[in-house]
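Following: one structure in structure tokens, then a few remarks.
Structure, rendered in structure tokens:
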């Protein structure tokens, strides 16, 4: 059986490894993200040589930005040199192997459909919560990118028009982990850089009412966003990813908020089905390989 060499391009590190057709990671490692494109191409070439014993059939890449099907990555990210040139063509010329590239959030969603919490589902939404909110849409088992490659960019949704342009209006601004920090910093009149999300949750558990209120508001706004996604797209399942998704109470708290929301809206007949993502650190690598296999099958 042949295997796929996969790369997850991050702003600080590049994760790489070999994944088989069953989604199993045969080997993996990481390296500091290089500062130049030619260095990245050299790393990919070296990995191809070092892993030649795995009978590589192609290269699958997870990358930040708006990834087009022809190989150009639009937008911007912490790896500026990948935006502009046709990365797909450059890597194919360097290695002689077939290459697929997909956005990192989309790869995370594909991993869930292939081997994670959404196995057997055709239409899902994945909401990834961090300092902002990203996401992805799966339609009929494939990524739905949209006309402008913005499918799944839930973070841009406006949830509070009264604060438009004031840093607390979009889904990312009011329901990310950083939104919790911003609320506490504002109420306590302190520098937000002195706080972490983990510390806010810890203080809330100790009875800090400001921290408790900030967390309650986070859950409420996140639930409103999920409600909107359900009625815009009507997925079978909405999955929550990101570091905060591992908090034990997350799903139960969100379900509680969603019941409250739907109970107040007469026409609301749908209760969104939600769960946490199965994959964490390796999601992008595994999903990139599934993307490669899907595209290879389509082209044959």
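Residue numbers (the numbering used here): 725 to 1024.
Note that beta-carbon positions come from the ideal geometry of N, C-alpha and C, so glycine has one too.
Pick from the options that is closest to residue i, judged by C-alpha positions
i, options, result
"residue 895", "943, 887, 949 and 1017", "949"
"residue 765", "817, 985, 807 and 727", "817"
"residue 800", "961, 898, 827 and 928", "827"
"residue 733", "1008, 1015 and 742", "1008"
"residue 811", "849, 907 and 731", "731"
"residue 794", "744, 742, 873 and 844", "873"
"residue 1020", "784, 767 and 759", "784"
Three-state class that DSSP yields for residue i in the structure shown
i, result
"residue 1000", "strand"
"residue 863", "strand"
"residue 828", "helix"
"residue 973", "coil"
"residue 1014", "helix"
"residue 732", "strand"
"residue 992", "coil"
Distance, residue j Cα to residue i Cα
i, j, result
"residue 1023", "residue 846", "21 Å"
"residue 666", "residue 806", "Lying outside 725 to 1024, the shown extent of the chain, residue 666 is not represented and no answer is given."
"residue 838", "residue 968", "23 Å"
"residue 748", "residue 823", "19 Å"
"residue 753", "residue 1003", "17 Å"
"residue 989", "residue 1018", "40 Å"
"residue 1015", "residue 728", "11 Å"
"residue 833", "residue 914", "37 Å"
"residue 994", "residue 986", "8 Å"
"residue 1029", "residue 935", "Residue 1029 lies beyond the range of the chain shown here (725 to 1024); nothing can be said about it."
Host alpha helix (DSSP H) of residue i (start-end)
i, result
"residue 933", "933–957"
"residue 909", "901–912"
"residue 925", "921–929"
"residue 814", "811–819"
"residue 769", "761–774"
Range covered by the beta strand (DSSP E) that runs through residue i
i, result
"residue 963", "961–965"
"residue 738", "737–743"
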